[in-house]
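Contents: one structure, followed by commentary.
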Amino acid sequence: MKPFLPIKMVNPTARFHLLLLLLLLVATQTCRIYRFSEAKVHIPDELDDVVDDEEDEAWREWGKPKNQPEFDPPPTDFTKMGLQEMQDEMMKRQQGPVFGFVKLRPGTPRTPETVSEIAVKWTKVARTGAIEAKFSGVDVSTIMFTMQKGQDALELKEFLLSQSEAYEIKIGDQLFRRPGDPSFEEVFEKLQAEKNKGHVASEKHQEL
């Protein structure tokens, strides 16, 4: 059998010094953590002078009381209102997207390009008046429009009636014209009759 090797005993003084060093290290790290946790970030209450390039309008308005629109209840007695007043009241209370058609003034020759130019012009002019409507030509006598905010239909109607090229407006089942103007169909049929009468007279003249 091999003889046992002698075991070296650790000096008690060295062990004490090593233990003391470990305690000092632990105490030092604990102190640092405590100081870090006690540190506070100071945020000033007045931020008016602070420049924040990422600040947006929504942040500025957050927390401010919002202005509520004035309550406008519908009338309770429609018997005292005329037809035009009732139509305007219904248009004012429409919600959601709407679309309609505009009949151009009859008797004026137009090309598809001319109608497209009118549609583009109306779209731009309406936008300057805060009316979000889009116009597009259908044929040489008709322009279609669409708008997302149905509550602006009344303003759109007034805008279109102020345009010289527009004659009759149809929004839903409602027709709108200037006071005293006959319907578009009536004027169109009258013009067609006069045109046909002129053709017949011209043919008779050629036969003679």
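Okay, so the sequence shown: first residue is 18 according to the numbering used here, each after it adds one.
For each residue, glycine too, the CB sits at the ideal point set by N, CA and C.
- [ ] Report all residues from its chain with a CB closer than 7 Å to the CB of Q241; omit the five preceding and five following residues, and keep chain order.
- [x] This structure cannot settle anything about residue 241, because the visible part of the chain is limited to 18 through 225.
Open item on the list: For F193, tell me which candidate among E182, A210, E206, E175 has the shortest Cα-Cα distance.
Closed with: For the purposes of this step, residue 193 is taken as residue 176 along the sequence shown, with counting starting at 1. Selected option, being the one with the closest Cα: E175.
TODO: Report yes if the C-beta distance between F116 and T163 is below 8 Å; otherwise report no.
DONE: On the sequence shown, position 99 is the one that residue 116 refers to. On the sequence shown, position 146 is the one that residue 163 refers to. It is a contact, given that the beta carbons lie within the stated cut-off.
Open item on the list: Among G113, L171, V142, T159, whose alpha-carbon lies nearest the alpha-carbon of Q191?
Closed with: Start at 1 with the first residue of the sequence shown, and residue 191 comes out as number 174. Comparing Cα-Cα distances from Q191 to each of G113, L171, V142, T159, the minimum goes to L171.
Open item on the list: Under DSSP, the beta strand (DSSP E) around E170 begins and ends at which residues?
Closed with: Residue numbering aside, residue 170 sits at position 153 when the sequence shown is read from its first letter. Position check: residue 170 holds Ala in this sequence, whereas Glu was assumed. First-last for A170: 170 to 178, but that is the alpha helix (DSSP H), not the beta strand (DSSP E).
Task: Assumed close pair P123, S158 - CB separation to whole angstroms, cut-off 8 Å - done: Position 106 of the sequence shown holds residue 123. Position 141 of the sequence shown holds residue 158. Contact holds; Cβ gap of about 7 Å.
Open item on the list: Beta-carbon within less than 7 Å of Y51's beta-carbon, same chain only, minus the 5 sequence neighbours each way: which residues are those?
Closed with: Numbered from its first residue, the sequence shown carries residue 51 at position 34. Because the pLDDT at Y51 is just 49, under 50, the model does not fix this residue reliably, and the point stays unresolved.
Task: Contact set for G189: own chain, Cβ-Cβ below 8 Å, skip 5 residues either direction - done: Your numbering for residue 189 matches position 172 in the sequence shown. Answer for G189: V115, G117, listed in chain order.
Task: Paired residues, beta bridge with A183 - DSSP - done: Within the sequence shown, numbered from 1, the residue matching residue 183 stands at position 166. Answer by DSSP bridge pairing, in chain order: L121.
- [ ] State the Cα-Cα distance for the pair A183 and K214, rounded to the nearest angstrom.
- [x] Reading the sequence shown from its first residue, position 166 is the one you call residue 183. Reading the sequence shown from its first residue, position 197 is the one you call residue 214. Approximately 27 Å between the Cα atoms of the pair.
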